[in-house]
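The letter at position 51 of the sequence shown is residue 51 when you use UniProt numbering, and the numbering goes up by one with no holes.
Positions of the beta carbon are idealized from the N, C-alpha and C atoms, including for glycine.
All values reported here derive from a predicted model rather than from experimental measurement.
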Amino acid sequence: MEIEIVAGTVDDVEAIGPLWRSMVAHHEEVIGARMPVRDAAAAWEMRHVQYRRWLAEDSGFLRFARRPDEPAPIGYGFFRLVPSGPTFDLGDVRGEVESLAVAPAARGTGAGTALLEAGREELLRRGCTFWTVNVVEINTGAVALYERVGFRSWTRDLVGRL
């Protein structure tokens, strides 16, 4: 299947709402029994505000995956430029895969890989030399995708209920 990657703007944020909600539903399926997951609509209400702000500040960028014959996106990646911090020398800023969502019917078609490659190219263009992603360990499909494009385990986030 041919996939094209298109740059998105703040005006395109609403178009990715269904993909975001689908991603949250996937998280509910994968880890919902172990960890609370927000309602997908409530999660989107929070996230779309962040996307708009990051795009307006030019601290993030959006890429869509779509089939050439269909205008609706089959996936998207949102990438951010963030300070690399004082401990690890990852350059002045590092790239971060903030979100990667692919419609369930399009998973396994190469859309996720194409989005990551497009994100990598833009992060390099913007001066990043490293990028990071947070992924739920039990989401083995996502972990495998990120490892295929070169990500390796670096730090480990732990969570505990108080």
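Per DSSP, the bridge partner or partners of Thr-109:
In the DSSP output, where bridge partners are listed per residue, Thr-109 has none listed.
Quick check on Gly-75: buried or exposed, where buried means 16 or more other Cβ atoms within 10 Å of its Cβ?
buried
To which residues of the same chain is Trp-20 closer than 8 Å at the C-beta, ignoring the five residues directly before and after it?
Ala-40, Ala-43, Trp-44, Arg-47, His-48, Ser-99, Ala-101
Please classify Val-24: does DSSP put it in a helix, a strand, or coil?
helix
Pro-73 classed as buried or exposed, judged by whether at least 16 other C-beta atoms fall within 10 angstroms:
buried
Go ahead and label Trp-154 buried or exposed: buried means 16 or more other beta carbons lie within 10 angstroms of its beta carbon, across all protein chains shown.
exposed
Using the beta-carbon count (16 or more within 10 Å), is Met-35 buried or exposed?
exposed
Tell me which residue opens and which closes the alpha helix (DSSP H) that Glu-2 is part of.
No alpha helix (DSSP H) contains Glu-2, which DSSP labels as neither H nor E.
In chain order, what residues of the same chain have a beta carbon less than 7 Å from the beta carbon of Gly-17, not counting five sequence neighbours either side?
Trp-44, His-48
Does DSSP put Ala-101 in a helix, a strand or coil?
strand
Can you have a look at Gly-160 and say buried or exposed, based on whether 16 or more other CB atoms are within 10 angstroms of its CB?
exposed
Taking its Cβ as the centre, do 16 or more other Cβ atoms sit within 10 Å of Glu-96, making it buried, or is it exposed?
buried
From the DSSP output, read off the bridge partner residues of Ala-65.
Ile-5, Gly-75
Compute the minimum distance between the beta carbon of Val-37 and the heavy atoms of the ligand ZN, and state whether it is under 6 Å.
In the structure shown, the ligand ZN is absent, as is every other ligand, since no ligand is present at all.
Take Ile-138 and list the residues in its own chain whose beta-carbon comes closer than 8 Å to its own, dropping the five residues that flank it on each side.
Val-30, Ile-31, Arg-34
Can you name the residues that DSSP bridges to Thr-132?
Glu-96
If you draw a straight line from the C-alpha of Arg-120 to the C-alpha of Leu-162, how long is it?
37 Å
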